[in-house]
Each structure stands twice: as structure tokens, then as C-alpha cells.
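Positions 0 to 170 (numbering that gives the first Met the number 0) are the ones given, in order, by the sequence shown.
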Amino acid sequence: MSVKIVFFNLPGASGHINPTIGVVSELVRLGFHVIYYADEDSRRKFEALGAEFRNYEKWFHYHHNTETGTDLIPMALEELSMTEACIDDLLVQLKDEDVQAIVYDACCPWGKYLSESLQVPGINIITTIVSSPWLILSDWHLSKMILGILLRYSFTFIPKTAGRLKAILLP
0 MSVKIVFFNL PGASGHINPT IGVVSELVRL GFHVIYYADE DSRRKFEALG
50 AEFRNYEKWF HYHHNTETGT DLIPMALEEL SMTEACIDDL LVQLKDEDVQ
100 AIVYDACCPW GKYLSESLQV PGINIITTIV SSPWLILSDW HLSKMILGIL
150 LRYSFTFIPK TAGRLKAILL P
């Protein structure tokens with residue numbers, strides 16, 4: 000019987016899902032039984048790798064997009080709602096499957112709680128965009144969004160942070 004590893008990822012978030020493809024491919028190649036949770040759009044790519052695919056449709060119908068993914072507080076509340084919807088059933092299901100590890104995206108807090116409850120290793124994956132100093136100049140929409148965020152928070156966050164750093168670093 001091969002070692003079972005469960006992946007939990009954010010439905011519809013290709014920027015979170017695609018970076019895990021190579022990891023899943025290698026784990027399957029090494030003989031691990033990988034169970035991957037995401038949305039139906041991802042089924043074919045993970046089944047083609049040899050992973051067992053499952054979706055969240057029984058518990059919630061979330062699909063990631065730029066509107067929901069950029070407002071941190073509403074997104075965090077949505078993640079908590081998804082956690083509440085699926086965690087009890089997943090706990091029962093995974094107990095019966097003898098899972099040895101859980102890999103979860105940073106936006107899937109249920110993975111952390113399930114790994115703790117099942118007392119198996121939990122591996123958190125945090126994806127980020129590839130960046131360079133020229134990125135902001137190459138994408139007008141991204142530049143506008145980043146500038147808006149910087150302007151919104153610069154008058155409150157930066158002075159507070161600068162004050163804290165001075166208090167810590169200066170004698």
C-alpha cells in the first residue's frame with residue numbers, strides 16, 4: 000500500500016494550482032498516492048498525472064477571480080466559510096483513508112486544521128508571482144492596482160511601521 004498524501008487547493012485559482020503540478024507529478028512518479036482537491040477545471044490535468052482528483056462541490060461552490068481574490072478581509076471570511084462547510088466531512092473521510100500527510104495552499108485553512116486533527120504532517124504552500132523591477136511597467140492594470148494599494152495604506156501603515164522600527168532600532 001502506497002503512502003497517501005492529500006493536496007487542498009483553492010478552486011479556480013490557477014496561480015495557486017499550477018505551481019503544484021510538478022510536485023504532484025514527482026510524488027506520483029515516486030509511487031505516492033496523491034489525492035488532489037480543487038475545482039472541476041483542474042480534474043483532467045491531475046488525473047493525467049496519475050493523481051486521484053476530488054472536488055469541493057459537495058460543500059461549497061467557490062471560483063476564484065480577481066474581484067474576490069484582491070480584497071483581503073472578504074477573502075479571509077470566504078476562506079473561513081469554506082472551512083466551516085467542509086471540515087467535518089473531510090475529517091471523517093480522511094480518518095477512514097489513512098492519510099499520511101496533507102499539503103495545503105495558504106488560502107485553504109482547512110488543510111492546517113485537518114492535519115492537526117489527524118496528527119499528520121501539514122505542509123503549507125504559499126505561491127507568489129514571478130517578479131522583476133520591470134513588471135510594474137509592463138502591465139498597466141497591475142501598476143494601477145499596486146499604486147492604489149500603496150496610496151491607500153501609505154498614509155497610515157508606513158508611518159506606524161516606521162515609528163515602530165525607530166523604537167526598536169534606535170537606542
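Ideal Cβ positions, reconstructed from N, Cα and C, are used throughout, including at glycine.
- Going by beta carbons, GLN99 and VAL33 fall outside the 8 Å limit.
- Excluding five sequence positions before and after VAL5, the CB atoms of its chain that fall closer than 6 Å to its own CB belong to ILE34, VAL98, ILE101, given in chain order.
- With respect to LEU93, LEU79 sits apart: the two C-beta atoms are not nearer than 8 Å.
- Here DSSP, grouped into helix, strand and coil, assigns ASN123 to strand.
- By alpha-carbon distance to GLU39, the top candidate from HIS60, SER142, ASP95, LEU150 is HIS60.
- By the beta-carbon neighbour count (other beta carbons within 10 angstroms, threshold 16), TRP139 is exposed.
- Residues VAL33, LEU48, GLY49, ALA50 of the same chain have their beta carbon placed closer than 7 Å to that of VAL27, with the five preceding and five following residues left out of the count.
- Take the alpha-carbon of ILE122 and the one of SER137: they are about 34 Å apart.
- Beyond the five residues adjoining it in sequence on each side, ARG42 comes within less than 8 Å, by CB distance, of PHE52, ASN54 in the same chain, given in chain order.
- Note that the C-beta distance between CYS107 and ASN8 is below 8 Å.
- The C-beta separation of ILE86 from ALA105 comes to about 17 Å, leaving the pair out of contact by the 8 Å criterion.
- Excluding the 5 residues flanking it on each side, VAL23 has same chain C-beta neighbours closer than 8 Å at PHE6, VAL33, TYR35, PHE45, LEU48, ALA50, in chain order.
- Collapsing the DSSP output to three states places ASP104 in a strand.
- One Cα belongs to TRP58, the other to PRO120, and the distance between them is close to 24 Å.
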